[in-house]
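Input: a single structure, listed below in structure tokens.
Have a look at this one:
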């Protein structure tokens, strides 16, 4: 993942976190009770009414914090409720770039099993979150033959916009994405607050800085790309449900704003909301409705080898080794080329991560590498679980 994509992804997380910062104790249960729907700026509303209203729209946007399991459970419940009210659904996912659309079609048609689907869609490369969080949504689509649509574009495209500006990107590399409409002032304010937390390397954050302008433009291109895919699907008469990060939805600034400019104005924006969220952010315009979910539980730490890898001229190379990591202890060095991990050939960067994340504490991972002209076998030893 490029530096710019890591940077803008982190900024989006900060925007989402701004709405879920710890709230004062006296307001923690005032805005969205767990298990109930609430209209921001209004009051509680029955689930049947929320779903009935949403089913009459053209597009329904479902937000999420990508690593929150309850958010995905809520999404599945909401999708199932909408399926009972509308005869034709389409599910659009931020997680997939357009180029894997054929893989999504084959999955829904029943031509691929889970392992083949995740490999063919390059899940470990295109989306860094655990597949187990999303698989129930994918299985729902497959079981009910609901079309899945890849909403996203290549990360390299967004990175190029962030580095040079949209005008400098040739049409051939824009994947059909048209010029986005300008951001609202409120959206620019949110983006600048996130940008200022981690400005581009070597810079001090300033609104007048062209780098910030390109940052905003990259975000708008991302929003525009997803909005276009949703609008195109909605034009065929189905109820289109978009699954994406809450920062693209909240306040109507991101994808909803771009959808409206494309002529798709019948939109329902639904967000999950935890009891530790900041009720000061819970005001009219945040979303059509929000659903109260339990406080997020910290996920157990995932196994980490401690290396950064990428494509090299002669294979998949080790770019960096974190000091004190399992990889360093095993003897891996920057410049090594990975040949096999646990006996499986390494042909792409995404081949490594699923194997590492499947490691059980206290087990060993065999590695075959090439260092200059020498083939070597190393063993990465994962420590036992803490008692």
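Numbering (our numbering), first residue to last: 43 to 429. Every residue, glycine too, gets a C-beta built ideally from N, C-alpha and C. Bear in mind the structure is a predicted one, so any value in this text is a computation, not a measurement.
- Contact check for residue 178 against residue 132 fails: the beta carbons are separated by 8 Å or more.
- Across the set 379, 330, 144, 214, the C-alpha of 330 shows the shortest separation from the C-alpha of residue 99.
- In the structure shown, the three-state DSSP call for residue 138 is strand.
- Under a 10 Å Cβ-count criterion, residue 186 is classified as exposed, with fewer than 16 other Cβ atoms of the shown protein chains found around its own Cβ.
- Considered as a whole, the region 328-361 harbours 331-334, 349-354 as its complete beta strand (DSSP E) runs of no fewer than 3 residues, in chain order.
- For residue 259, the number of other beta carbons within 10 angstroms of its own is at least 16, and it is reported as buried.
- Taking each of 73, 317, 418 in turn and checking the Cα distance to residue 83, the smallest one comes out for 73.
- Classified as exposed, residue 418 has fewer than 16 neighbouring CB atoms from the shown chains inside 10 Å of its CB.
- Nearest to residue 176 by alpha-carbon distance, out of 112, 228, 199, 369, is 112.
- Straight-line spacing of the CA atoms in residue 333 and residue 406 works out to 43 Å.
- Taking a 10 Å sphere around the C-beta of residue 295, we find 16 or more other C-beta atoms and assign the residue as buried.
- Restricted to the region 185-253, the alpha helix (DSSP H) segments that are unbroken, complete and at least 4 residues in length are 197-206, 227-239, listed in chain order.
- As DSSP reads the structure, residue 315 sits in a beta bridge with 334.
- In the three-state reduction of the DSSP assignment, residue 387 falls in the strand class, which pools E and B.
- With a contact defined as Cβ atoms closer than 8 Å, residue 369 and residue 348 qualify at about 4 Å.
- In the displayed model, residue 103 falls within a strand according to three-state DSSP.
- A distance below 8 Å between beta-carbons, with the five flanking residues on each side excluded, links residue 118 to the following residues of its chain, in chain order: 178, 179, 182.
- Between residue 272 and residue 284, the C-beta gap is smaller than 8 Å, which places the two residues in contact.
- Straight through space, the alpha carbons of residue 116 and residue 123 are spaced by roughly 11 Å.
- Short of 7 Å from the beta carbon of residue 384, and not among the five residues preceding or following it, lie these beta carbons of its own chain, in chain order: 397, 407, 408.
- Counting other Cβ atoms within 10 Å of its Cβ, residue 222 reaches 16 or more and is therefore classed as buried.
- Pairing residue 103 with residue 420 gives a Cβ-Cβ distance that is not under 8 Å.
- The DSSP-derived three-state label of residue 323 is helix.
- Secondary structure note for residue 410: its beta strand (DSSP E) is the uninterrupted segment 406-413.
- Nearest to residue 225 by alpha-carbon distance, out of 414, 213, 192, 264, is 264.
- In the three-state scheme derived from DSSP, where H, G and I count as helix and E and B as strand, residue 418 is classed as strand.
- By the neighbour-count criterion, in which a residue is buried when 16 or more other Cβ atoms sit within 10 angstroms of its Cβ, residue 110 is buried.
- With 16 or more other Cβ atoms from the protein chains shown falling within 10 Å of its own Cβ, residue 194 counts as buried.
- According to the DSSP secondary-structure assignment, residue 284 is paired through a beta bridge with 103, 134.
- Between residue 165 and residue 144, the alpha-carbon positions lie close to 14 Å from each other.
- In the three-state reduction of the DSSP assignment, residue 80 falls in the strand class.
- Nearest in C-alpha terms to residue 257, of all of 302, 202, 88, is 202.
- For residue 399, the enclosing alpha helix (DSSP H) stretches over residues 394-399.
- Every alpha helix (DSSP H) stretch that sits fully inside the region 143-189 and reaches 4 residues is listed by chain position as 143-150, 156-162, 165-168, 177-186.
- Judged by beta-carbon spacing, residue 374 lies within the 8 Å limit of residue 360, meaning their Cβ atoms are closer than that value.
- The beta-carbon distance between residue 412 and residue 379, rounded to whole angstroms, is 4 Å. This is short enough to meet the 8 Å contact definition.
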